[in-house]
Amino acid sequence: MKFGAGGVIGGLLAAALACGCASKCDDADVHFKRHVVMFDGSGQPVDPLDNACDWLLPYRAMGDDEFKHHVGDVFDSVATEFTTNGPKDLFVFIHGGLNTQSGSIERARELRPLMLGDGYYPIFINWQSSLISSYFEHLFFVRQGRDEGWAGVPWFPVVLLSDAARTLARAPLALGRLAESMWASLPFTWTDEQTAAQSTAKAALGEFGKALRPSSERNDPTAAAPEIATFPIKVGSDCRSFGEQAWSLSTWVVTAPIKIVTGLLVEGFGTPAWEMMLRRTHLLFAEEERYLAGGIGATNALHPHEVASTNNGPTTVGTMLEAARLAWLFDEAVARRARWTPPDGGSPPRIIACGHSMGAIVLNELVRRDTRRLLSADRAKPASPLFDDLVYMAPACSVADLVDTITPYLELAEDARVHVLVLHPRAEVNESNAFELAPRGSLIDWIDQFLSHPTDGRERRAGSFIQLMLALHEFPAGVRGRVQVHAFGYSEEPRGPQKHGEFTDLDVAPWWRREFWEVWARPSPVRDVEHAQQLADEAEAQAEQVDVK
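When the letters of the sequence shown are read in order and numbered with my numbering, they come out as residues 22 to 570.
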């Protein structure tokens, strides 16, 4: 049996410090635990409450049987809540990269009562994505996509020197990209990409305004609101004053030499950390140990299902579970959703799945699995889609990944909606980091400029307003009305996210509420003509305010 080096180190620390650290668990924690499904860097499920010394020790791993029991508890708690207090919208949240495990737990603790109070039942999918642990894994253990454990440790000096050498060797290329990024972040400058994106946004806003405005023959308040056949889109304005822009320029000039040095370090040492975070999103669905073991045998199931196996009728058998444990959660949600329909025959709760930053990469895989399930369903008894709303907050997935994932899903799930939230293009490139000592730009901008190596525009990040606008033509006409885009304003009131990390910042907005992420409400049984005309006026006014230079 192979033991990971990190696990051995954690075990030794746990033994040494057991007398000084006590596990914190009470009745409130037990209820909280039923809202969290948590994984370590290898895709192994862990107990979100069993970490005696917070960040210092690893969380205790769960075995298959324990994890099955935990997933059952999660959905038993959902059913109990719906029976006791009535159905709520089920909100599944997947955080992004650069989050510590203890930090993700504390955020879930803070959000749980707030979301329940607003009528949303939260389930948090937490995965290990911190910068330090990711680079640490690259430096010591992972070689060519495999965790070599202790066998990889002797090579760490070579890996470190290789990272340093690559930083120096790629310095000319990195400097060129850094100069391009710094130029784009300057006030009063425009690149060709920015101009093309703004022109696309202006046209999309104009089309949306026309689609919203009722014609005279349809100006009937008793008629149902129509489906929108073009992109529902909202674009905020750059409301910075001249003084704010001048200050931005002056601080840029003063710190430019330092930005050059830190930019090289970001490119050289940040790239392998980004690659390890990507690896961890994949391991949530393809755990390495099980992948290497192979085999296709059946495993114990969380729930039974029926298959027609003999002439005597259907036979109840165990579900064939996939290797990855996160897929178990998905399978159980599919099986249980039908049970959440209220006794009076009402509709089951809507399921909202939200991925922030790299969480969008995880969300895309869940959506693809639901697409495959819908495609493989018996045509005589079609399956129901799992997700009603897909919320992408500054998604760190590529444009190709987003388009190729949600297009077939929307074609199958005719009532589903996709909501893509991004920063204002100026806020995207102008975000300051590390007290202005690091290159400007959000994490999305950094990934495209430094950390990844896209071969074409489709491989750049969908969380960039510019790249998203340039890719709108990729979406087929039949699904465009259900792909909603919201670019928040810059220094605009009411104030929305101004930085990549602020999408889930409680100080900015209660981001889980529908009014935060929904641009255009689903068509209602009764048409609200006055509201539609108001939204049409707003869309057309925004189109006029979009700067194209």
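Beta carbons are placed, not taken as given, at the ideal position from N, Cα and C, and that holds for glycine.
Mapping DSSP to helix, strand and coil, what is V567?
coil
By a C-beta neighbour count over all protein chains shown, 10 Å radius and 16 as the cutoff for buried, is P193 buried or exposed?
exposed
For F112, report the span of its beta strand (DSSP E) as first-last.
110-115
Rounded to a whole number of angstroms, what is the C-alpha to C-alpha distance between D68 and A129?
14 angstroms
From the DSSP secondary-structure annotation, give me the bridge partner or partners of K255.
H507
I'd like the list of long-range same chain contacts for S601, defined as Cβ closer than 6 angstroms, with 5 residues on each side in sequence excluded.
Examination of residue 601 is not possible in this model, given that the chain is present from 22 through 570 alone.
Out of V500, G517, S545, point me to the one whose CA is closest to P253's CA.
V500
P416 versus R400 - alpha carbon distance:
34 angstroms
Could you check what DSSP says for N120 in three-state terms: helix, strand or coil?
coil
Looking at S151: is its Cβ nearer than 9 angstroms to the Cβ of L181?
no
For the candidate residues R300, S368, R358, E87, whose alpha-carbon lies nearest to that of F96?
R358
Consult DSSP for A562 and reduce its assignment to one of helix, strand or coil.
helix
Do you know whose CA, among V383, F229, Q219, V504, lies nearest Q488's CA?
Q219
Same chain, Cβ closer than 7 angstroms to E551, neighbours up to 5 away in sequence not counted
none
For R234 and chain B, any beta-carbon pair shorter than 9 angstroms?
No chain B appears in the structure shown, which is made up of a single protein chain.
Helix, strand or coil at F229 [DSSP, three-state]:
helix
If you draw a straight line from the alpha carbon of L199 to that of W467, how long is it in whole angstroms?
10 angstroms
Assess, as a yes-or-no matter, whether the segment 96-108 is touched by the segment 478-496 under the definition of 3 or more beta carbon pairs within less than 8 angstroms.
no
Look at the alpha carbon of P544 and the alpha carbon of P406, and state the distance between them as a whole number of angstroms.
19 angstroms
Would you mind reading off the limits of the beta strand (DSSP E) that contains N385?
First-last for N385: 380-397, but that is the alpha helix (DSSP H), not the beta strand (DSSP E).
I'd like the list of long-range same chain contacts for R234, defined as Cβ closer than 8 angstroms, with 5 residues on each side in sequence excluded.
A553, Q554, A557
Among residues of its own chain, excluding the 5 on either side of I427, which ones have a beta-carbon nearer than 6 angstroms to its beta-carbon?
V439
Within its chain, find whatever has a CB closer than 8 angstroms to the CB of G107; leave out the 5 residues flanking it on each side and keep chain order.
P363
So the candidates are M83, V163, A186; which of them puts its Cα closest to the Cα of P175?
V163
Name, in chain order, the residues that DSSP records as bridge partners for P66.
F60
Sequence-distant residues of the same chain with beta carbon closer than 7 angstroms to T272, five excluded per side
E457
Within its chain, find whatever has a CB closer than 7 angstroms to the CB of F537; leave out the 5 residues flanking it on each side and keep chain order.
A530, P531
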